[in-house]
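Working notes, beginning with the structure itself.
2 protein chains.
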Amino acid sequence: MKKKRPSLRDIAEVLNVSTTTVSFVLNGKGEEKKISKQLIERVENYLKEIDYKPNLIARSLRTGNSHIIVFMVEDVSNHFFSKVGRILEDISYKHDYRVLFCSTENDAKRTREHIEIFKERQVDGFIIVPPPGIKEEIQDLKNNGLPVVLFDRKIEGIDIDSVLLNNYEGAKQTTQHLIDQGFKKIAFITIDLDQNQMHDRLKGYKQTVKEAGLDEYILTLPYDTDRVAESRKKIKDFIAAHPELDSVFFATNYLSQSGIKTLHQIDSNLVSNLGIISFDDSYFFEMYAPTISAYAQPIELMGKELMRIMFDRIKQKSEPSKHEEISLDGELIVRESSLKKYTRL
Amino acid sequence: MKKKRPSLRDIAEVLNVSTTTVSFVLNGKGEEKKISKQLIERVENYLKEIDYKPNLIARSLRTGNSHIIVFMVEDVSNHFFSKVGRILEDISYKHDYRVLFCSTENDAKRTREHIEIFKERQVDGFIIVPPPGIKEEIQDLKNNGLPVVLFDRKIEGIDIDSVLLNNYEGAKQTTQHLIDQGFKKIAFITIDLDQNQMHDRLKGYKQTVKEAGLDEYILTLPYDTDRVAESRKKIKDFIAAHPELDSVFFATNYLSQSGIKTLHQIDSNLVSNLGIISFDDSYFFEMYAPTISAYAQPIELMGKELMRIMFDRIKQKSEPSKHEEISLDGELIVRESSLKKYTRL
DNA sequence: TAAAATTCCTAAATCGTTTATGTAAGCACC
DNA sequence: GGTGCTTACATAAACGATTTAGGAATTTTA
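For the protein sequence lines, the chains are A and B, in the order given.
Letter 135 of the first sequence, counting from 1, is numbered 159 in the numbering used here, and no numbers are missing.
Letter 305 of the second sequence, counting from 1, is numbered 329 in the numbering used here, and no numbers are missing.
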């Protein structure tokens, strides 16, 4: 049943040539290696005839690369990451590379193990959303000459390629939009996560309200998704404590979704009466009634930039003289909710 | 810079033993292979000391397997699939396997290419959501002795392991729930996709309303996501043509989300006044106001069953005498929307 | 016409494992 | 002391490709 695939040697035997010749032709190096036209043709025809597929493992062992790129994110089932993953997959596919997604769970140990395994599997590059505490491993990868591009988050004190959202500018723009719509008491609801992107968003908000001469209203919720009840209560108390609030800026889309739910529970008119805007877009916001405006990350562009850098590094092999730190701008998606409010005030 | 990792041979040289010995110890076969206690210890210590990591590519080449399982779905960024993928990843991780997700785009050609590549990469098993037209390739994989488990959809006329939702029963149960709540004019909105699971859902609906002596109201929308406008119009016309409708059963969660949006556009009270229920759950339904009830697929269980069968097949190597066709039941998640309606009628 | 260059191809090493087979030493047994 | 059985390792052949170094035949050059 289990018919063995023919190997290069088998083919060479049948054609009465050496494996070298077959290998050269297979890899399109026939002319370069001065194989005669006739022979090239003969080999090519046979390869086509039997629909020969080389054993990629053997090839990897010999060449040291695998045409596989790893994409490590916090959670592959997170919508944002899976969307980006999909883009990466499509681009890779066109270049005959494959993408291996995996979840770090934002855990350094798990990430380390993954990296170790993939290194031994000769993957050609890493695109990583780095959890805290893996600076050394990243540096190590780079020292081993493996291309690494960070995504979504950066690591301080390490010179490395990265593709990030300009969180500061995004938050400024988002806050400014609310201000432009006439809102004056803008709350910023964020999570208790010590990560650069969250800091930058907060800074953007602070700076913008300050420039506009408005007051700050900041609520920080626990990161743990288990502590939903606690978060709900905090939001309720916060809203109750500040009846003057006319709008809310949620710092992540997950936050918005649960936050909106909570607002609706407090008072079913609240969501319609407040100016609500979210960082990170979501399918949800388009469907919800009322629709919710959001600052959307440029998913497609991110994927493209990631792969552009990755392929650059893979090709040039040597350590690049200069690393790229791409900072991308998102796009404010204005939906009815943050428009119609103005007339209500 | 690029310090080469030590190989088995290097280690053998340092320790003045053969690679065989090192290999046996490495794989825990020391005792079995009658290596002396002292030597085992000496080797183990050294391995630990240099933190030796074997080259997995070389191992794969020799052993013919890779500890990689491929999970091919229509689109990795689809929430349902990515959730299941995440489960598979976690289970695999515990068994020292990795999962390679990839998207078929429901396209036979792309699927074929993927399968070809992965076969050459010696993956140990395939979990596939099969697009139409790849029966032969699946059969071929099986003939090559590779474990294949189908997921979500089956292929007629092929004896193979599979894990599926019991769509018929699910649709029956879902419809029955609406009936139990007192609804009598129940619409079934589905898509124009010639797949078993859609047929089964339709059958479940039909059978249930028939048993209850109620009328059928069926609307079939185009599958193409580009034809949103057309779908919207069809829904509007359908609702207008049947003012007597008191409830709607959407056959997929994507449909529900866009459908609910449309209903809301027609009349902002419609969503609250109709009994609405969806096949496939979504985060969205929990957050929406009002919340939407749904028949949820047992994601975790599905993942577990898939991996259970997969590992069974990987272990036993030989062709199983009997294939498993697992048909799982989902769970009706009853939220306020389908409860409170009854009182309104 | 001998030396040099070119053309066309091959032998063999190599990547880093696993594993079938080999073998030397020690012991028991009649 | 010859035979057989363990024990405790080593040798070497795979796995299936790529690639270096080189060889024989032909052609060009001087």
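Here a beta-carbon is modelled for each residue, glycine too, at the ideal position from N, C-alpha and C.
query                                                                                                                                                                             : result
Can a CB atom of chain B be found closer than 8 Å to the CB of Ile-81 (chain A)?                                                                                                  : yes
Is the distance from the Cβ of Val-46 (chain A) to the Cβ of Ile-35 (chain A) below 8 Å?                                                                                          : yes
Determine the direct distance from the alpha carbon of Met-311 (chain B) to that of Asp-204 (chain A), and round the result to whole angstroms.                                   : 28 Å
Would you mind reading off the limits of the alpha helix (DSSP H) that contains Tyr-76 (chain A)?                                                                                 : No alpha helix (DSSP H) holds Tyr-76 (chain A); DSSP gives it neither H nor E.
With a cut-off of 8 Å on the beta carbons, I'd call Glu-129 (chain A) and Glu-98 (chain A) a contact; round off their distance for me.                                            : 7 Å
For Val-41 (chain B), which three-state DSSP category applies?                                                                                                                    : coil
Quick one: measure Cβ to Cβ for Asn-210 (chain A) and Tyr-241 (chain A), integer angstroms, because I've assumed they're closer than 8 Å.                                         : Note that residue 210 (chain A) is Ile in the sequence shown, not Asn. Their Cβ separation, rounded to whole angstroms, is 7 Å, which keeps Ile-210 (chain A) and Tyr-241 (chain A) in contact under 8 Å.
Return the first residue and the last residue of the beta strand (DSSP E) that Arg-122 (chain B) is part of.                                                                      : 122-127
Of all the options B:Gly-327, B:Ser-101, B:Leu-80, B:Gln-281, which has the alpha carbon lying nearest to the alpha carbon of Phe-308 (chain A)?                                  : B:Gln-281
Measure how close the beta-carbons of Asp-224 (chain A) and Ala-195 (chain A) come, nearest whole angstrom, since I'm counting them as under 8 Å.                                 : 7 Å
Please specify which runs of the beta strand (DSSP E), each continuous and at least 3 residues long, are wholly inside the region 237-281 of chain A, giving them in chain order. : 241-245, 271-274
Against chain A, with Cβ distances strictly below 8 Å, would Val-144 (chain B) count as a contact?                                                                                : Inspection of the sequence shows that residue 144 (chain B) is occupied by Glu rather than by Val. At least one chain A Cβ lies under 8 Å of Glu-144 (chain B).
On the three-pair Cβ rule with 8 Å, is the region 79-97 of chain B touching the region 135-154 of chain B?                                                                        : yes
Mind pulling the chain A residues with CB within less than 7 Å of Lys-77 (chain B)?                                                                                               : Glu-140, Glu-144
Report yes or no: is there a C-beta of chain A within less than 8 Å of the C-beta of Lys-346 (chain B)?                                                                           : no
May I ask you to report which of helix, strand or coil DSSP gives Met-319 (chain B)?                                                                                              : Sequence check: residue 319 (chain B) is Tyr here, not Met. Residue state, collapsed to three classes: strand.
Taking Leu-50 (chain A) and Pro-78 (chain A) to be in contact with their CB atoms under 8 Å, please state how far apart those CB atoms are, rounded to whole angstroms.           : 7 Å
Enumerated in chain order, which unbroken segments of the alpha helix (DSSP H) with a length of 4 residues or greater are wholly contained in the region 106-160 of chain A?      : 132-144
Just checking my contact of Tyr-229 (chain B) with Phe-212 (chain B) at CB under 8 Å: how many whole Å lie between their CB atoms?                                                : 4 Å
Which residue comes first and which comes last in the beta strand (DSSP E) that contains Ala-211 (chain B)?                                                                       : 210-215
Along the chain, where does the alpha helix (DSSP H) that runs through Ile-203 (chain B) open and close?                                                                          : 191-204
Are the region 108-121 of chain A and the region 323-333 of chain A in contact at 8 Å, needing three or more beta carbon pairs?                                                   : yes
Using only the alpha-carbon positions, how far apart do Ser-306 (chain B) and Pro-322 (chain B) sit?                                                                              : 12 Å
For Ser-101 (chain A), I'd like the list of residues in its chain whose CB is within less than 6 Å of its CB, leaving aside the five on either flank, ordered along the chain.    : none
Kindly indicate which three-state DSSP category Tyr-366 (chain B) falls into: helix, strand or coil?                                                                              : Below a pLDDT of 50, predicted positions are generally treated as unreliable, and Tyr-366 (chain B), at 44, falls in that range; no measurement from the model is reported.
What three-state label does DSSP hand Asp-185 (chain B) in the structure shown?                                                                                                   : strand
If the criterion is Cβ atoms closer than 8 Å, does the pair Ala-82 (chain B) and Leu-80 (chain A) meet it?                                                                        : no
Just checking my contact of Val-272 (chain B) with Ser-317 (chain B) at CB under 8 Å: how many whole Å lie between their CB atoms?                                                : Between Ser-317 (chain B) and Val-272 (chain B) the Cβ distance is about 12 Å, and since that is not below 8 Å, they are no contact.
Provide the residue span of the beta strand (DSSP E) that contains Tyr-94 (chain A), from first to last.                                                                          : Going by the sequence as given, residue 94 (chain A) is Val instead of Tyr. Where Val-94 (chain A) is concerned, the enclosing beta strand (DSSP E) stretches over 92-97.
Given a limit of 7 Å on CB to CB distance, which residues of the region 83-117 of chain B reach chain A?                                                                          : Ser-84, Leu-85, Asp-99, Val-100, Ser-101, His-103, Ser-106, Lys-107, Gly-109, Arg-110, Glu-113
Measure from the alpha carbon of Lys-178 (chain A) to the alpha carbon of each residue in A:Asn-168, A:Asn-190, A:Gly-169, then state which is nearest.                           : A:Asn-190
Using a 10 Å radius around the Cβ and a threshold of 16 neighbouring Cβ atoms, would you call Thr-44 (chain B) buried or exposed?                                                 : exposed
Could you have a look at Glu-349 (chain B) and say whether DSSP puts it in helix, strand or coil?                                                                                 : strand
Is it the case that the Cβ atoms of Leu-188 (chain B) and Ser-302 (chain B) are separated by a distance below 8 Å?                                                                : no
Give me the Cα-Cα distance between Leu-217 (chain B) and Thr-135 (chain A), rounded to the nearest whole angstrom.                                                                : 40 Å
Beta-carbon within less than 7 Å of Arg-256 (chain B)'s beta-carbon, same chain only, minus the 5 sequence neighbours each way: which residues are those?                         : Thr-286
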